[in-house]
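J.:
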Amino acid sequence: MRTTLIALITCLFSATVFAQAGKVDDALLMDYYQNQRYLEAADYLKKTFPEPITDVKALNRLAYMSRLAKRLPEAEMYYQRVYDIDTADRSALFAIADINAARGNQNRAELFLKRILLTDTTNISVYTKLATIAGSKKDTAAAVNYLERANKLNDADVSVAVDLGEFYIKLKKFDKALKVLDRASEVDPDNVYILQAMVELLFKEKKFKEVVASCQKLIALDAMDKTTRYRLGVSYYSLDNFSCGAEILSSTPTNDQTEYSDYFAALCYKGLKDMNKCIYWLGKAIEQGVSGNVASYYAEMGDSHEALAKPKNATKAYLKALQFDDTQPQYYYAIALVYDKQLKDKANAKLYYKKAAAAYVQDIKTVENPMTIYTLASLFDSQLKDTANAIKYYKKYISSKPPQKQQQYIDYTNSRIGQLGGGTD
1 MRTTLIALIT CLFSATVFAQ AGKVDDALLM DYYQNQRYLE AADYLKKTFP EPITDVKALN
61 RLAYMSRLAK RLPEAEMYYQ RVYDIDTADR SALFAIADIN AARGNQNRAE LFLKRILLTD
121 TTNISVYTKL ATIAGSKKDT AAAVNYLERA NKLNDADVSV AVDLGEFYIK LKKFDKALKV
181 LDRASEVDPD NVYILQAMVE LLFKEKKFKE VVASCQKLIA LDAMDKTTRY RLGVSYYSLD
241 NFSCGAEILS STPTNDQTEY SDYFAALCYK GLKDMNKCIY WLGKAIEQGV SGNVASYYAE
301 MGDSHEALAK PKNATKAYLK ALQFDDTQPQ YYYAIALVYD KQLKDKANAK LYYKKAAAAY
361 VQDIKTVENP MTIYTLASLF DSQLKDTANA IKYYKKYISS KPPQKQQQYI DYTNSRIGQL
421 GGGTD
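Here full-length UniProt numbering is used: the first residue of the sequence shown is 1, the next is one more, and so on.
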């Protein structure tokens, strides 16, 4: 290491470079450099090589050490002087661009990078830096354009491929993302960044078997993070592999658990018919709930209590769901069914059937979904014994032109209208 540093210092500050030969103490410079005492090194060089300095190599060394010392304005000034003397020096333009980017002046950084492109259109680094700047400006089109040009120059560059692939994924250009990432993975199949991008892509495309395969590769590489774990667990759930899904999601470290990971853990246990654990994980999802889904979690909890033959607990959970969202007719209907079928409380059952009907009516005013109309008609017919409204909404269902796949409901509705004495319009 010491030999390497001596060689570096000798290269940077060789006495043959400067007219002030003999004034440079290479051992002192090496000590400054080795111990990261860059401020002292920069001050030493400024004293050793006083102005005016016209030697490009001397200016480059002063610029470099000033940059290491975080004296960025001075470093930029030295690099600018290098460029003024030698306009073919692209390294100076690079340095000026990087310094401006570090100082938050993205427009000036972009200006100098584009100057490089005037004489060199094959520099991948320039395109990637310009893409980064465009991304910071939310100019997605420009960022993609720069990355596409970089990828065209070298489609095996993993960093470029991953960045471009992620942009394609956000733009829902999944085929392009897959093509770019596949090519990069041919070069480096065990690259964690590529595998993570592939998992994101495949997950969005709902290719859950492929997600599982890619996640298993990440696990083998000891690269399982919380996002990978979540997507793997959800993929297992989506493939009806509830056992693996429950194992993955329930073993999520406490600090990595989220509302959604807990919710899908609950669904996995529900798939396994383990309602107690389902209720437990729904409770954890509710504790962490920051979305608008808390009502649906309570509804799932109510359904699980029903499966455990605990109607009172089910009713409490459904009522809790209504506290968070009182517009959902299915919550009222679920409560009514519990009162009706399990608690044998006909008065409360009728009350909540009516509330369910009122909520369905409001739904229909917003969107005339044929199946919602049919459900409302059936509710009036079977539970509320309201013949007039049953006929009204059965006819409304037919006039809503339900799809062919609902033919059995269409046939039943036409028959039921006749049975109720509704006739035809």
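Every residue, glycine too, gets a C-beta built ideally from N, C-alpha and C.
In whole angstroms, what is the alpha-carbon distance linking L111 and D98?
T.: 11 Å
J.: Short of 6 Å in beta carbon distance, which residues of its chain neighbour L28, apart from the five on each side in sequence? Order them along the chain.
T.: none
J.: If you draw a straight line from the C-alpha of L308 to the C-alpha of V162, how long is it?
T.: 48 Å
J.: Taking the alpha carbon of N414 as the point to measure from, which residue in P403, K405, N293, I391 has its own alpha carbon closest?
T.: I391
J.: For my contact list, A223 and V192 are in at a C-beta cut-off of 8 Å; report their separation, rounded to the angstrom.
T.: 5 Å
J.: Would you please state the rounded distance, in angstroms, between the beta carbons of W281 and A266? I believe it to be under 8 Å.
T.: 4 Å
J.: For the 8 Å Cβ check, are there 3 or more pairs between the region 337-346 and the region 361-377?
T.: no
J.: Can you look up Q328 in the DSSP assignment and give me helix, strand or coil?
T.: Coil, per DSSP.
J.: List the endpoints of the continuous alpha helix (DSSP H) containing A88.
T.: Taken as a continuous stretch (DSSP letters only), A88 belongs to no alpha helix (DSSP H), as it is neither H nor E.
J.: Looking at C-alpha atoms only, which residue of L62, A101, T119 is the closest neighbour of T87?
T.: The shortest C-alpha separation from T87 is found at T119.
J.: Under the three-state reduction of DSSP, which class applies to M65: helix, strand or coil?
T.: helix
J.: With C-beta atoms as the reference, is V338 less than 8 Å away from T315?
T.: yes
J.: Between which residues of its own chain and R90 is the CB-CB distance below 6 Å, once the five residues before and five after are set aside?
T.: I116
J.: How big is the Cα-Cα spacing for P50 and K129?
T.: 34 Å
J.: Where does G22 land, buried or exposed, given buried means 16+ other C-beta within 10 angstroms?
T.: Caution applies to G22, whose pLDDT of 37 falls short of 50 and renders its modelled position unreliable; the value that the coordinates give is listed next. Exposed, because fewer than 16 other Cβ atoms sit within 10 Å of the Cβ of G22.
J.: How would you label A156, buried or exposed, when you count the other beta carbons within 10 angstroms and need 16 or more for buried?
T.: exposed
J.: Rounded to whole angstroms, what's the CA-CA distance from D31 to K209? Just pull it up for me.
T.: 57 Å
J.: Going along the chain, which unbroken runs of the alpha helix (DSSP H) with 4 or more residues stay wholly within the region 125-181?
T.: 140-153, 158-170
J.: As a quick exercise: from L72, Y269, E306, pick the residue whose alpha carbon is nearest that of A95.
T.: L72
J.: Note down the Cα distance separating T252 from S214, rounded to an integer number of angstroms.
T.: 19 Å
J.: Could you have a look at V290 and say whether DSSP puts it in helix, strand or coil?
T.: coil
J.: For the alpha helix (DSSP H) containing S214, name the first residue and the last one.
T.: Taken as a continuous stretch (DSSP letters only), the alpha helix (DSSP H) holding S214 covers 208-220.
J.: Is the beta carbon of G418 sitting closer than 8 Å to the one on K395?
T.: no
J.: Following the continuous alpha helix (DSSP H) through E110, name the residue where it begins and the one where it ends.
T.: Looking at the DSSP string, the run of the alpha helix (DSSP H) that includes E110 is 106-119.
J.: Round the Cβ separation of Y393 and L376 to the nearest angstrom and send it over; I've been treating them as touching at under 8 Å.
T.: 5 Å
J.: I need the straight-line Cα distance from C278 to C268, nearest angstrom please.
T.: 8 Å
J.: Starting from G245, trace the alpha helix (DSSP H) both ways and give me its first and last residue.
T.: 242-250
J.: Straight-line CA distance for T54 to D43?
T.: 18 Å
J.: When we look at the beta-carbon of L249 and count the other beta-carbons within 10 Å, is it buried (16 or more) or exposed?
T.: With 16 or more other Cβ atoms within 10 Å, it is buried.
J.: Using only alpha-carbon positions, find the residue among V160, L379, N105, R61 that is nearest to A41.
T.: Nearest option by C-alpha distance: R61.
J.: Helix or strand or just coil, what does DSSP make of K344?
T.: coil
J.: What separation, rounded to the nearest whole angstrom, lies between the Cα atoms of L171 and V234?
T.: 23 Å
J.: What separation, rounded to the nearest whole angstrom, lies between the Cα atoms of S66 and A75?
T.: 5 Å
J.: Starting from Q408, trace the alpha helix (DSSP H) in both directions and tell me its first and last residue.
T.: Looking at the DSSP string, the run of the alpha helix (DSSP H) that includes Q408 is 407-419.
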